[in-house]
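Residue numbering for the sequence shown is 1329 to 1593, as defined by the numbering used here. Even for Gly, the Cβ is constructed at its ideal location relative to N, Cα and C. It should be emphasised that the depicted structure is a prediction, and the values quoted were computed from it without experimental measurement. One structure is given here, and the rest of the page talks about it.
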Amino acid sequence: MASEGTHAASALDRISPLLDDRRIADGVIHRPRLVNGYVDVLPDSPEDDSKSLAQRTMEFPLLAPIYEHIWRPAGALAFMGFNLQHFREERAKTVRALQLSGNQTVLDIACGPGNFTANFADALSPRGLAIGLDISRPMLRKAVETNSRPNTVYLRGDATSLPFPDATLDAVTCYAALYLIPDPFTVLDEMTRVLKPGGRISVMASRASEHPAIRRTQRRVLGLTGLRMFDVNEFTDYFRSSGLTEIAQEIHGVVQYVHASKPTG
């Protein structure tokens, strides 16, 4: 228990200098506090009725262990066209795409139970930092329980208003979540804002069918649950219009991965 308390205190110490003091002073984010081993910068608030069915599902306490061991692996494998080799290499590929090493700081948005966050931490030095951000308390409690490292911090925050100043982080990623969020391109705006020049960004999201009839059916059916299917060029076009460079895309089944760099000049 003492080691858990020490790690929690260290998490608060490590994340606090990175947070945007101006946003705290303006009341946009709450002063950071420890809750069940993670850092919380959101005010306590009643249930948000604007959340989609998919977003509300992520708040169920019993989902986190199922998501970690069953839902995410089975769902991702099916969406990837049952490409088992790619599924097994997904985390290592993401580490390479983000070019993680040394004392970098990486933000894992919608981290869930921290499966990827822990891998990111393992790719860094002890002085590096992997931050797992999620809005779901059950997911964060599970992340602290199962995927903590000395150089991880789990943070409850809002992906549409990240609690960091501009150009703070070396790498930012969001996997398997943008299709759940009502305003995904606001999240991308925020990811780009907090990324340092020369930093890397990587997203994994859905890919709509190229056949119009199937695409219409996908959007009509999945739209009822709050899930969104993205066109194949939506992210590459966004990154290009945002001035990002070294844009690369990889497609597996109905899943797309898009990576890019923020220019230094």
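Q) Between the C-alpha atoms of serine 1338 and alanine 1536, what's the straight-line distance to the nearest angstrom? A) One C-alpha to the other measures close to 43 angstroms.
(Q) Please report the straight-line C-alpha distance between alanine 1495 and valine 1522, rounded to a whole angstrom. (A) Computed Cα separation, rounded: 4 angstroms.
Q) Closest by CA to glutamine 1427, which one among Val1500, Gly1442, Asp1462 and Ala1504? A) The shortest Cα separation from glutamine 1427 among Val1500, Gly1442, Asp1462 and Ala1504 belongs to Val1500.
(Q) Per DSSP, what are the beta-bridge partners of glutamate 1574 in this structure? (A) In the DSSP output, where bridge partners are listed per residue, glutamate 1574 has none listed.
(Q) With a threshold of 7 angstroms on Cβ separation, who are the neighbours of alanine 1570 within its own chain once the five nearest residues in sequence on each side are excluded? (A) Here residue 1570 is serine; the residue named in the question, alanine, does not match the sequence. So the qualifying residues of the chain are Thr1520.
Q. Three or more C-beta pairs closer than 8 angstroms, one from the stretch 1423 to 1442 and one from the stretch 1461 to 1476: is that the case here?
A. Touching, yes, given that three or more Cβ pairs across the two stretches are closer than 8 angstroms.
Q | Buried/exposed call for isoleucine 1343, threshold 16 Cβ in 10 Å | A | Residue environment: isoleucine 1343 is assigned as buried (16 or more neighbouring CB atoms within 10 Å of its CB, all protein chains considered).
(Q) For glutamate 1574, count the other beta carbons within 10 Å of its own beta carbon; 16 or more makes it buried, fewer makes it exposed. Which is it? (A) Exposed is the call here.
**Q.** Inter-residue Cα distance where the pair is glutamate 1538 and leucine 1483
**A.** So the alpha carbons of these two residues sit roughly 37 angstroms apart.
(Q) Could you give the first and the last residue of the continuous alpha helix (DSSP H) run that contains proline 1512? (A) It spans 1512 to 1522 - the alpha helix (DSSP H) in which proline 1512 sits, taken as one unbroken run.
Q | Residues of its chain near alanine 1425, where Cβ-Cβ distance is below 6 angstroms and the 5 sequence neighbours each way are ignored | A | Excluding residues up to 5 positions away in sequence, Ser1530 and His1587 lie with their Cβ nearer than 6 angstroms to the Cβ of alanine 1425 in the same chain.
Q. Under a Cβ-count criterion, where at least 16 other Cβ atoms within 10 Å of its own Cβ denotes burial, should serine 1453 be classed as buried or exposed?
A. The residue is exposed, with fewer than 16 neighbouring Cβ atoms inside 10 Å.
Q.
Please state whether the Cβ-Cβ distance between valine 1515 and glycine 1365 is less than 7 angstroms.
A. It is not a contact, given that the beta carbons lie outside the stated cut-off.
Q: Go ahead and pull the three-state DSSP assignment for proline 1441.
A: DSSP, read as helix, strand or coil, puts proline 1441 in coil.
Q) DSSP on alanine 1406, reduced to helix/strand/coil? A) Annotation note: pLDDT 46 at alanine 1406 (below 50); position unreliable, coordinate value reported separately. Here alanine 1406 sits in helix by DSSP.
Q. Are aspartate 1348 and phenylalanine 1492 closer than 7 angstroms when you measure CB to CB?
A. Yes, the pair counts as a contact, with Cβ atoms nearer than the cut-off.
Q. Would DSSP call alanine 1504 helix, strand or coil?
A. In the structure shown, alanine 1504 sits in coil (DSSP, three-state: anything other than H, G, I, E or B).
Q: Please report the residue range of the beta strand (DSSP E) in which alanine 1458 lies.
A: 1457 to 1462 is the span of the beta strand (DSSP E), which, as asked, contains alanine 1458.
Q. How long is the line joining the alpha carbons of proline 1591 and phenylalanine 1567, rounded to whole angstroms?
A. Between the alpha carbons of proline 1591 and phenylalanine 1567 lies a distance of about 11 angstroms.
Q | Residue burial classification, asparagine 1475 (beta-carbon count within 10 angstroms, cutoff 16) | A | The Cβ neighbour count for asparagine 1475, taken over all protein chains shown within 10 Å, is at least 16; the residue is labelled buried.
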